[in-house]
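As structure tokens, the structure follows; a few thoughts come after it.
Residue numbers (the working numbering), protein chains in the order written: chain A, 17 to 300; chain B, 17 to 300.
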């Protein structure tokens, strides 16, 4: 597994670096970004927060706009931001060129239907291949947490709930909470997973949370703006709330008055999320 | 003077808003961004920090990438980010379509040569028309400071030095410190101002600083990364340092090891600049 460093920029005493590598899982070259806090140069292995971005994003959006590096540098957290789908000429995108499916919109699942099944395996990439790479090449421990925004909030919740014990904590901004029951999710799931809605349940955070045994869900924080244009039709945090109640899980769901779906919202509350993860990762 | 609000996003308890208006000075429609901290809703008039961006930028780069809102919200500073040149079909750009002159590259001066003189009057726009608009439409006092990056660092220094008493403090990241003596500046000045280099001196921060009477320069902070690709050929902070010595001015010039020319550098040190301005503006 070789990594090509494509950029390196100092940030808050640490380093923002981007790498290209060949992903066996996805069958294409991928780019990811890593923020290494200053403590990474002192030898000790540091815990890692994985950040999953939303529709249309790449590894760059979070690193440029969330303002997470300041506190990550203080807390000694590594942050890893993968891309949002497989990429490259061999990777099929939305047949109509839409932005809510395919390239930039991999939904962090393993597709079972053709022509998607060959490359669209973002779940296995994010949960297995990428952490193996990170832990082999950087001063990263196997203590992991995961967070994300919108489609990436769905991804973070699903990765954590499908893989008990793998993440110490999970959080999300404006997640697609119940993709089986919203237009973005129905479009993506029907293509990636086929028409059998029973198979969709394995990739729906609200379904998974309701079925997770009480006491086995990692600490769970969700922020949602109440002026988010996608709130009612696509995001549906009330489904997550009901699932938490049903499953007997503690969910901190904060409805933030006046905030929208943008990175201005994420930046405003990223510190709380970093502290949430740092506490679970033993950094505070 | 009417303002059309084109977006409004909550950020750290305050608001990031963008406006379009017709500029009489520039003879075209312009867009600017304003960050209003939470204190702006409490009635008192707040001081304003003007931020001037670099080549190719618009009002958006700083607001999206610098991470300034967190501390501005705490300190009660309004931040205003104008565009970097006049815009529109009637505004001539670089004849060769280059990115370092014309559209997105107005150099914050008043052009005297055709075809630039009609629209390229960014100095008067930034120093006079825009503050008048801001102070008429927002809870903004007439206490002003100014900062910027690269071409905008040059702009901030020149606006402050040409207009004694107008700004309480000035700062810059990686400014073009001596534009008369670097390729970017020579290209822009020869076109905007003509071939008589004596006229260029009025728009060169190092010349202006050397000629400013001791004691009449506002508090002056400059940060410069030592891995900035433009450092030697274009930025030349040593010229500013010599000018400060010659003029008897106190200049805090910090060479930051490992940092480049990007917003990752700006974000890493924006807090120090905000505190520098807040101190001069009576907010700390």
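Glycine residues also receive a C-beta, built at the ideal position from the N, C-alpha and C atoms.
Under the Cβ criterion (8 Å, minimum of three pairs), the segment 93–111 of chain B does not count as touching the segment 210–217 of chain B. Taking C-beta separations shorter than 7 Å and ignoring five residues to either side along the sequence, the partners of residue 282/B in its chain run 82, 165 and 189, following chain order. Flagged as an interface residue toward chain A: residue 28/B, by a C-beta distance shorter than 7 Å.
Going by DSSP, residue 287/A is part of the alpha helix (DSSP H) stretching over 279–296.
In terms of Cβ geometry, residue 204/A and residue 117/A form a close pair [threshold 7 Å].
Chain A places no beta carbon closer than 7 Å to that of residue 70/B, leaving this residue out of the contacts. At the C-beta level, residue 71/A and residue 148/A stay beyond 7 Å of one another. Going by beta carbons, residue 141/A and residue 162/A fall outside the 7 Å limit.
When rounded, the separation of the alpha-carbon atoms in residue 293/B and residue 65/B is 8 Å. Cβ atoms of residue 180/B and residue 232/B come within 8 Å of each other, at about 5 Å. Taken through DSSP and simplified to helix, strand or coil, residue 96/A comes out as strand. In its chain, beyond the 5 residues on either side, 125, 127, 128, 129, 215, 216 and 219 have a beta carbon closer than 8 Å to the beta carbon of residue 209/B. Listed along chain A, no residue sits closer than 7 Å to residue 104/B by beta-carbon distance, the nearest being about 27 Å off. In this structure, the alpha-carbon of residue 270/A lies about 11 Å from that of residue 288/A. For residue 115/B, the number of other beta carbons within 10 angstroms of its own is below 16, and it is reported as exposed. Interface annotation for the segment 31–55 of chain B against chain A: 31 and 32, criterion Cβ-Cβ distance under 9 Å.
No Cβ-Cβ contact shorter than 7 Å links residue 50/A with residue 99/A.
For the segment 82–101 of chain B, the set of residues with a beta-carbon nearer than 8 Å to any beta-carbon of chain A comprises 83, 85 and 86, in chain order.
272, 273, 274, 275, 276, 278, 279, 280, 281 and 283: these are the residues of the segment 265–283 of chain A whose beta carbon lies less than 9 Å from some beta carbon of chain B, given in chain order.
In this structure, DSSP gives residue 243/A a state outside helix and strand, which the three-state scheme calls coil. In the DSSP assignment, residue 53/A falls outside any beta strand (DSSP E) and carries neither an H nor an E.
Residue 241/B holds the alpha-carbon nearest to the alpha-carbon of residue 27/A among 241/B, 86/B, 158/B and 35/B. Rounded to whole angstroms, the separation of the alpha carbons of residue 40/B and residue 88/A is 45 Å. Taking the Cβ atoms as the reference, residue 177/A lies roughly 4 Å from residue 224/A, within the contact range of under 8 Å. For residue 78/B, the enclosing alpha helix (DSSP H) begins and ends at 76–81.
DSSP places residue 118/A within a strand segment (E or B) once states are collapsed to three. Using a CB distance cut-off of 7 Å, residue 25/A counts as an interface residue toward chain B.
In the three-state scheme derived from DSSP, where H, G and I count as helix and E and B as strand, residue 70/A is classed as coil.
Apart from sequence neighbours up to five positions away, the residues of its chain that approach residue 103/B with a beta-carbon distance below 8 Å are 44, 45, 46, 47 and 119, ordered along the chain.
Taking 7 Å as the cut-off, the beta carbon of residue 253/B is found no closer than this to the beta carbon of residue 186/B. Out of 33/A, 258/A, 37/A and 34/A, the CA that lies nearest to the CA of residue 194/A is found in 258/A. For residue 58/B, no chain A residue has a Cβ inside 7 Å of its Cβ, as the nearest lies near 16 Å away. Taking 3 residues as the shortest admissible run, the segment 201–256 of chain B contains the following complete beta strand (DSSP E) segments, listed from N- to C-terminal end: 236–241. At a cut-off of 7 Å between beta carbons, residue 80/A contacts chain B. The beta-carbon distance between residue 25/A and residue 278/B, rounded to whole angstroms, is 6 Å. This is short enough to meet the 8 Å contact definition.
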